[in-house]
Ligand SMILES: [Zn+2]
Ligand SMILES: [Zn+2]
Ligand SMILES: [Zn+2]
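Numbering (this note's numbering), first residue to last: -13 to 100.
Structure representation (structure tokens):
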């Protein structure tokens, strides 16, 4: 009886440990593409989306490409130039170019990076 009880406790502990490690793993997504980009790259067009500035169009939010410094507009913007830039160049990671936001996103893995 005691033996079974110990076993049960152990399997529960292992279970929660596995769940915990999976959780922390998925929270701290270390993206292999981060090694291919420059996280401190300078924006080519700090005033706005490169294509929208040329077209005279508007945007909602801005995204900075960490491969080449391209500034593009987000998917809530009418022209979605950040996503179009990825499709044209395969540059994997963007950073939010909003002053109050600090996150990165990998298009290839479809994952947010802390
Ligand atoms: Zn990635
Ligand atoms: Zn744009
Ligand atoms: Zn780029």
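A virtual CB, placed ideally from N, CA and C, is assigned to each residue, including glycine.
Predicted model only: the values in this text are computed from it and were never measured.
- [ ] Note the first and the last residue of the continuous alpha helix (DSSP H) segment covering residue 90.
- [x] Annotation for residue 90: no alpha helix (DSSP H) segment contains it, though the beta strand (DSSP E) segment containing it runs 90 to 92.
Task: Nearest-residue set for ligand 3, Cβ under 6 Å from any heavy atom - done: A Cβ closer than 6 Å to some heavy atom of ligand 3 marks a residue here, and those residues are 51, 53, 54, 56, 71, 75 and 77.
Open item on the list: When you compare the CB positions of residue 71 and residue 58, do they come within less than 7 Å of one another, or not?
Closed with: Yes.
Task: Length of the line joining the Cα atoms of residue 31 and residue 1 - done: One C-alpha to the other measures close to 50 Å.
Task: Cβ-Cβ distance between residue 90 and residue 79 below 7 Å - done: Cβ atoms of residue 90 and residue 79: closer than 7 Å.
Open item on the list: Once DSSP output is grouped into helix, strand and coil, what is the label at residue 35?
Closed with: Coil.
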